[in-house]
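Numbering (my numbering), first residue to last: 9 to 273. Input: a single structure, listed below in structure tokens.
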Amino acid sequence: MNGFLAVVAGGLSLGLSGAAMTGDLADCAKGNGMGAVHACNRVVASAGPEDLKTGYYLKLRGVAYFKNQKYDLAIKDLNAVAQRNSLDPQLFMIRADAYQFTRQYEKAIRDYGVVIRLNGKYVRAYYNRAIAHRKLERYKAAINDFSSIIQLKPKDALAYQNRGHIFLRMNTAEKAIPDFERAVKLAPKSFNVHHSLGEGYFRAGKLDSARDVWLKSCQYASKEQTRNWQTRLTKAGHFSGPVDGVCDRRIIEAFSSCAANKCQF
């Protein structure tokens with residue numbers, strides 16, 4: 009099963025003064041969709057050499073490209089900006105995320121490292137770098153990043169949960185279980201966190217404890233969430249019941265079957 013976070017998206021606030029912005033510049037900085045990209049293109053085309061020298065407008069356009077999932081174009085603009093400004097953590101964070109979304113994990117890791125050197129408390133950089141390390145199966149490095157998050161935010165249940173799943177990938181359930189138990193204490197009404205604890209118990213051979221936790225998790229599962237699990241477990245070949253949003257022993261047995269086969273879904 010897959011308990012990992014996706015890349016953690018962050019706000020792309022650029023610290024802009026809205027009162028001073030009008031027309032294309034305002035649309036470029038704060039607009040949505042491809043309209044923002046087109047506005048940025050006009051801003052860049054009309055900018056003078058001194059304006060372009062700072063890289064400010066190129067950064068705006070790079071962010072607009074990123075928001076529209078034009079990651080290669082975003083990277084191109086942000087590369088140009090990085091040559092002018094190597095001390096902007098947000099610039100490297102956005103480029104790192106663009107590298108991550110295009111599966112350029114080594115480059116993403118490098119840029120997340122720059123962000124962390126510039127701002128050692130940038131939690132999202134640790135999260136996303138851990139995800140990149142996990143993609144490359146560098147589990148010890150991922151654990152180090154999640155451990156750094158826990159030092160910065162000791163009440164972050166997701167950091168414990170994700171570190172626990174890394175331990176499971178390393179076949180060390182005995183190390184995963186304390187992380188999952190801590191996550192449950194921090195997020196006692198989270199269906200997903202209870203599910204992870206159940207998987208930890210299951211992988212450690214504590215089958216009764218696993219089923220008890222999974223059954224308890226049903227009280228925290230919404231119908232939508234349960235239908236999602238039923239659908240995914242059906243596709244993985246571990247659930248044959250109706251996709252009705254009812255969390256009961258049928259889905260618990262499906263969890264057990266999935267955990268026994270170390271399925272990913």
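Every residue, glycine too, gets a C-beta built ideally from N, C-alpha and C.
Quiz item: Among P57, L144, A150, which residue has its Cα nearest to the Cα of N170?
Solution: A150
Practice problem: Please go through the same chain and pick out, in chain order, the residues whose beta-carbon is closer than 7 Å to the beta-carbon of H46, but skip the five residues on each side of it. | Solution: none
Exercise. Compute the distance between the beta-carbons of A229 and C271, then report whether it is under 7 Å.
Key: no
Quiz item: With distances taken between CB atoms, is the gap from M42 to N76 smaller than 7 Å?
Solution: yes
Exercise. Could you please give the first and the last residue of the uninterrupted alpha helix (DSSP H) stretch that includes R137?
Key: 131-143
Self-check item: Any alpha helix (DSSP H) of 4 or more consecutive residues that is wholly inside the segment 195-248
Solution: 199-211, 215-225, 231-243
Quiz item: How many Å lie between A34 and R132 at the Cα?
Solution: 27 Å
Exercise. Count the other CB atoms, across all protein chains shown, that sit within 10 Å of the CB of T234; report buried if there are 16 or more and exposed otherwise.
Key: buried
Quiz item: A212 and A181: beta carbons closer than 7 Å?
Solution: yes
Self-check item: Cβ-based burial, S198 [other Cβ within 10 Å; buried from 16]
Solution: buried
Quiz item: Could you check where the alpha helix (DSSP H) with M42 kicks off and where it finishes?
Solution: 41-54
Quiz prompt | Contained alpha helix (DSSP H) runs [length at least 4] in the segment 60-136, N- to C-terminal order | solution = 64-75, 79-90, 97-109, 113-126
Self-check item: Buried versus exposed call for L166 [16 or more other C-beta atoms within 10 Å across all chains shown]
Solution: buried
Exercise. Assign K67 to one of two classes, buried (16 or more other C-beta atoms within 10 Å of its C-beta) or exposed (fewer than that).
Key: buried
Exercise. Using the Cα positions of V71 and A90, report the straight-line distance between them to the nearest angstrom.
Key: 13 Å
Quiz item: For R257, is the classification buried or exposed, using 16 other Cβ atoms within 10 angstroms of its Cβ as the cut-off for buried?
Solution: exposed
Exercise. With DSSP collapsed to three states, give me the class of L24.
Key: Confidence at L24 is low in this model, with a pLDDT of 45, below 50, so the placement of that residue is unreliable and no value is reported for it.
Exercise. Please look up how many angstroms separate the CB atoms of A106 and A82, rounded, as I've assumed it's under 8 Å.
Key: 5 Å
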